[in-house]
Amino acid sequence: MPVRKRPIKTKVRFPGSMSSSRTNSPINSSPHSPITRTPKLVEISSSDSQTSQGSRRNTTASSTKSDSEPTYLPPGPTDPHMFDDGYTDTFYPSTIPDLFRHPPLVQDLLRTHTSIEQDKVVHSCLQLLADPLNPLPDLKREQHIDFLNWALGIDKDGEQLPKGFTKMDASRPWLIYWCLAGLYALGEDLTQYRPRLVSTLRTIQNPDGGFGGGNGQLSHLAPTYAAVMSLVMVGGRDALEVVNRKTMWRFITSMKKPHGGFSMCEGGEEDVRGVYCALSVIALLQLPLDMPGGQIGGLVEGTAEYIGRCQTYEGGLAGAPGGLEAHGGYIFCGLASLSILGSPWDKFHKHIDLPLLISWITARQYAPEGGFSGRTNKLVDGCYSSWVGGTFALLEGALNGPVDIGPEENREPQSRKVSSIWSREGLSRYILCCCQEDHGGLRDKPGKPADFYHSCYVLLGLSSAQNYYFPHTDNAVTGSLESPPLKSPFLWTYSSHIPTKDEARFEYVPGTYNEDDNAFFQDTQRGMKWYEELRNLPPTNEAVEGFRAGNRVAPLHPIFNIPFEKVRESWEYYEGRPL
Numbered sequence: 049m050p051v052r053k054r055p056i057k058t059k060v061r062f063p064g065s066m067s068s069s070r071t072n073s074p075i076n077s078s079p080h081s082p083i084t085r086t087p088k089l090v091e092i093s094s095s096d097s098q099t100s101q102g103s104r105r106n107t108t109a110s111s112t113k114s115d116s117e118p119t120y121l122p123p124g125p126t127d128p129h130m131f132d133d134g135y136t137d138t139f140y141p142s143t144i145p146d147l148f149r150h151p152p153l154v155q156d157l158l159r160t161h162t163s164i165e166q167d168k169v170v171h172s173c174l175q176l177l178a179d180p181l182n183p184l185p186d187l188k189r190e191q192h193i194d195f196l197n198w199a200l201g202i203d204k205d206g207e208q209l210p211k212g213f214t215k216m217d218a219s220r221p222w223l224i225y226w227c228l229a230g231l232y233a234l235g236e237d238l239t240q241y242r243p244r245l246v247s248t249l250r251t252i253q254n255p256d257g258g259f260g261g262g263n264g265q266l267s268h269l270a271p272t273y274a275a276v277m278s279l280v281m282v283g284g285r286d287a288l289e290v291v292n293r294k295t296m297w298r299f300i301t302s303m304k305k306p307h308g309g310f311s312m313c314e315g316g317e318e319d320v321r322g323v324y325c326a327l328s329v330i331a332l333l334q335l336p337l338d339m340p341g342g343q344i345g346g347l348v349e350g351t352a353e354y355i356g357r358c359q360t361y362e363g364g365l366a367g368a369p370g371g372l373e374a375h376g377g378y379i380f381c382g383l384a385s386l387s388i389l390g391s392p393w394d395k396f397h398k399h400i401d402l403p404l405l406i407s408w409i410t411a412r413q414y415a416p417e418g419g420f421s422g423r424t425n426k427l428v429d430g431c432y433s434s435w436v437g438g439t440f441a442l443l444e445g446a447l448n449g450p451v452d453i454g455p456e457e458n459r460e461p462q463s464r465k466v467s468s469i470w471s472r473e474g475l476s477r478y479i480l481c482c483c484q485e486d487h488g489g490l491r492d493k494p495g496k497p498a499d500f501y502h503s504c505y506v507l508l509g510l511s512s513a514q515n516y517y518f519p520h521t522d523n524a525v526t527g528s529l530e531s532p533p534l535k536s537p538f539l540w541t542y543s544s545h546i547p548t549k550d551e552a553r554f555e556y557v558p559g560t561y562n563e564d565d566n567a568f569f570q571d572t573q574r575g576m577k578w579y580e581e582l583r584n585l586p587p588t589n590e591a592v593e594g595f596r597a598g599n600r601v602a603p604l605h606p607i608f609n610i611p612f613e614k615v616r617e618s619w620e621y622y623e624g625r626p627l
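What follows is the structure in structure tokens.
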């Protein structure tokens, strides 16, 4: 059969035609709806948050197939960016949706450095996404566990981190958090790490409150967040008693600014990261909301308004008010903070232009890659699987409102809920096909080395794609526990099945369910509902009927990014305790 050029065919939208008055951004009402992307040029950029650590054993993108490198043809008037890849009509299996097999149709005729770099990324991703011999790779669970344990000094081969990691000394709590969160997502029992974690973090807590990045270092809200989340993740009395709540409260109140924001450290920058780190610690440790001078509720006064002022003309959130650039990391920090302060249904509609924000955030998901960029005109990056992908749970909570999971007669029909407004399938394919390093660890994109930061947030993004997170009503809270000072983040739960507008159908996420079990998605006689599957997650490492063994990752709380059961444990432990 003669070789033909593959035509470029995919659906795109033109975000320039949208306005803030529009009530709905492009919403994927079908699991196979096209992913939206901006037609603007894409600048070459490394991740803003990418750490400098490299992958061990093999720092190359070992999954990229050099043998089938296509020939790039110069742009022409009708086919500006055509690839001649030698594929035939029968080369693509039907299991790969057309959206993830072809370059985008509409591209800029002007060749620039940025458009060339974007084409390179598209090509490198297509080599993996459209691989007919391995259309959807399995999650390399054991290799990733080994990679993360290596960072914690528990390598099965006795291999230690290289000396170059000494420059990460100020990020020790973050290295711990990244690895623990990733290991939990992969199904590991975190209690085994408790003794070493307690002895490590106890020494970097300062007498005047908060945690530094390492021994003898200034207290800072970022490592404080990472340290507290790590202690809560391993759980148990020994870990939860490490934090001096009284000095922690004093430290956080000293970071509060009159106009609502928080500084990261004494004399440090003030941005929405500080707000998120501070509020997360306040909520989990159940710290008082009053200021030392007796100002009732002063610790969170003006904070929601501060976050609202961070929204830019594009629709996303910047790090601080003042016309800065919208960023995927900041949008998560801002919306998660609002979700701590109150219900997303209330806080988002009150302080955020939601139609404008939805327009910006849905444009961050690209096709054919399926992953997310962090800013306008930037390349996809695996870490935004969590920073951007994880934000959709909060947005859907704002659009749907709280869910009553009590008696069935009180429940709203599934069809009244907003279906996913992003492509879970696209993100899952990007992660499983493009972000896995063969020797363990996850990465930014093909051609980049794996590191611990990306391993954590790529896995959290996969969890966001596989699970449906939502807030529920107050009457669903069980037990006799008193309400914590900030109650809203404790009213979230999850389902391992993702609802659609069709009462009898769940959303398809590749690699999560048994793709041959069509009855699982369509059999109306089974009467299965997503809300009846709460906390019914199958064992991570076992083959369970209806699920594809090995590709499931555990759900984590969409606001705190730690296990749900550990959020509950912290609530019970700190309930009613004085400082």
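Under the working numbering, the sequence shown is numbered contiguously, ending at residue 627. Idealized CB from N, CA, C, for every residue including glycine.
Separation of G418 from L37, as counted between CA atoms | Summary: the structure shown does not reach residue 37, with the chain confined to residues 49 through 627, and so no result is reported for it.
Coil, strand or helix - T239 by DSSP | Walking along the sequence shown from the start, residue 239 turns up at place 191. Looking at T239 - three-state DSSP - the assignment turns out to be helix.
For A446 and E165, the rounded distance between their alpha carbons | For the purposes of this step, residue 165 is identified with residue 117 of the sequence shown, where counting begins at 1. For the purposes of this step, residue 446 is identified with residue 398 of the sequence shown, where counting begins at 1. So the two alpha carbons sit approximately 36 Å from each other.
Coarse secondary structure for Y516, derived from DSSP in three states = In the sequence shown, counting from the first residue as 1, residue 516 sits at position 468. Strand at Y516.
From the DSSP output, in three-state form, read off F608 for me.
-> Mapped onto the sequence shown, residue 608 falls at position 560. If DSSP states are grouped into helix, strand and coil, F608 belongs with coil.
Which listed residue (F148, E207 and L200) has its alpha carbon closest to that of A178 = For the purposes of this step, residue 178 is taken as the residue at position 130 of the sequence shown. Of F148, E207 and L200, the residue nearest in Cα terms is F148.
Beta carbon of L196, beta carbon of C227: below 7 Å?
-> Along the sequence shown, read from residue 1 onward, the residue named residue 196 stands at position 148. Along the sequence shown, read from residue 1 onward, the residue named residue 227 stands at position 179. Their beta carbons are under 7 Å apart, which means L196 touches C227 by this criterion.
According to DSSP, which residues form a beta bridge with F420?
-> Within the sequence shown, numbered from 1, the residue matching residue 420 stands at position 372. The bridge partners DSSP lists for F420 are Q413.
Per DSSP, cross-strand counterpart(s) of D499 | Here residue 499 corresponds to residue number 451 of the sequence shown, with the count starting at 1. Its beta-bridge partners are L490.
Could you check the C-alpha separation between W578 and F554 for me, to the nearest Å?
-> Counting from 1 along the sequence shown, the entry for residue 578 is found at position 530. Counting from 1 along the sequence shown, the entry for residue 554 is found at position 506. With a pLDDT of only 39 at W578, under 50, the local geometry of the prediction cannot be trusted, and no value is derived from it.
Spatially closest choice to N448 from K535, G356, G309 and P547, by CA coordinates = Within the sequence shown, residue 448 is the residue found at index 400, counting from 1. Cα-wise, what sits closest to N448 is P547.
Rounded separation between V601 and G230 - CA only = For the purposes of this step, residue 601 is identified with residue 553 of the sequence shown, where counting begins at 1. For the purposes of this step, residue 230 is identified with residue 182 of the sequence shown, where counting begins at 1. V601 and G230: Cα-Cα distance of roughly 9 Å.
Closer than 6 Å by C-beta to E617: which residues in its own chain qualify, once you throw out the five before and the five after it? Chain order, please.
-> Translated into positions along the sequence shown, residue 617 becomes position 569. Excluding positions up to five away in sequence, the list reads G283.
Which of the three DSSP states, helix, strand or coil, is assigned to V428?
-> Start at 1 with the first residue of the sequence shown, and residue 428 comes out as number 380. Three-state result, V428: strand.
Counting pairs of beta carbons, one from the region 368-377 and one from the region 387-400, are three or more of them closer than 8 Å?
-> Between the region 368-377 and the region 387-400, the count of C-beta pairs closer than 8 Å stays below three; the two stretches do not touch.
Any idea if G364 is buried or exposed, counting beta-carbon neighbours within 10 angstroms, 16 or more meaning buried?
-> Against the sequence shown, residue 364 aligns to sequence position 316. Its Cβ being crowded by 16 or more others within 10 Å, G364 is buried.
Pick from D205, G235, E236 and S247: whose alpha carbon is nearest that of P221?
-> Position 173 of the sequence shown, counted from the start, is the residue given in the question as residue 221. The option with the nearest alpha carbon to P221 is S247.
Neighbour-count burial assignment, D499, 16 or more Cβ in a 10 Å radius = Counting from 1 along the sequence shown, the entry for residue 499 is found at position 451. Buried: at least 16 other Cβ atoms inside 10 Å.
Within 10 angstroms of the Cβ of I610, are there 16 or more other Cβ atoms? Answer buried if so, exposed if not.
-> Along the sequence shown, read from residue 1 onward, the residue named residue 610 stands at position 562. Under this definition I610 is a buried residue.
Along the beta strand (DSSP E) that carries Y542, what are the first and last residues, could you check?
-> Residue numbering aside, residue 542 sits at position 494 when the sequence shown is read from its first letter. Per DSSP, Y542 belongs to the beta strand (DSSP E) from W540 to S543.
Cβ neighbours of Y622 in the same chain (closer than 7 Å, five flanking residues each side left out) = Indexing the sequence shown from 1 puts residue 622 at position 574. Result list for Y622: L333 and Q334, in chain order.
To the nearest angstrom, report how far apart G474 and C173 are at their CA atoms.
-> Position 426 of the sequence shown, counted from the first residue, corresponds to residue 474. Position 125 of the sequence shown, counted from the first residue, corresponds to residue 173. The straight-line gap from Cα to Cα measures roughly 12 Å.
From the DSSP output, read off the bridge partner residues of E318.
-> Within the sequence shown, the letter at position 270 stands for residue 318. According to DSSP, E318 bridges with S311.
Collapsed DSSP secondary structure at P547 in the structure displayed = Start at 1 with the first residue of the sequence shown, and residue 547 comes out as number 499. It is a strand residue.
When DSSP builds the beta bridges, which residues end up paired with L365?
-> By 1-based counting over the sequence shown, the position of residue 365 is 317. Q359, per the DSSP bridge assignment.
Find the nearest neighbour of L266 within the set N254, S421 and V329, judged by alpha-carbon distance.
-> Here residue 266 corresponds to residue number 218 of the sequence shown, with the count starting at 1. Minimum Cα distance to L266 is reached at N254.
Tell me, please, whether the region 268-287 touches the region 239-246 by the rule of three or more beta-carbon pairs shorter than 8 Å.
-> yes
Around the C-beta of V615, are 16 or more other C-beta atoms found within 10 angstroms, so that it is buried, or is it exposed?
-> Counting from 1 along the sequence shown, the entry for residue 615 is found at position 567. It is buried - the Cβ of V615 has at least 16 other Cβ atoms within 10 Å.
Starting from the Cα of S407, find the closest Cα among F440, T272 and L157 and give me that residue.
-> Indexing the sequence shown from 1 puts residue 407 at position 359. The candidate whose alpha carbon is nearest that of S407 is F440.
How close, in whole Å, do the beta carbons of A651 and S543 come, if the pair is a contact with beta carbons under 8 Å?
-> There is simply no residue 651 to check, as the chain begins at 49 and stops at 627 in what is shown.
Let me know if N515 comes out buried or exposed under the rule of 16 or more other beta-carbons within 10 Å of its beta-carbon.
-> As a working note, residue 515 is residue 467 in the sequence shown. Counting Cβ neighbours within 10 Å, N515 comes out buried, since at least 16 surround it.
Within the same chain, show all residues whose beta-carbon is closer than 6 Å to that of R472, passing over the 5 residues directly before and after it, in chain order.
-> Position 424 of the sequence shown, counting from 1, holds the residue named residue 472. In its chain, beyond the 5 residues on either side, A513 and V557 have a beta carbon closer than 6 Å to the beta carbon of R472.
Alpha carbon to alpha carbon, how far is A218 from G262?
-> Taking the sequence shown and counting its residues from 1, the one referred to as residue 218 is at position 170. Taking the sequence shown and counting its residues from 1, the one referred to as residue 262 is at position 214. Distance between the alpha carbons of A218 and G262 is about 5 Å.
Looking at the unbroken alpha helix (DSSP H) that takes in C381, where does it start and where does it end?
-> Mapped onto the sequence shown, residue 381 falls at position 333. In the DSSP assignment, C381 falls within the unbroken alpha helix (DSSP H) covering G376 to L389.
For V451, count neighbouring C-beta atoms within 10 Å of its own C-beta (all shown protein chains included) and say buried if the count is 16 or more, exposed if not.
-> Working through the sequence shown from its first residue, we reach residue 451 at position 403. It is buried - the Cβ of V451 has at least 16 other Cβ atoms within 10 Å.
Identity of the residues DSSP links to K304 by a beta bridge = The residue you call residue 304 lines up with position 256 of the sequence shown. Answer is F310, bridged to K304.
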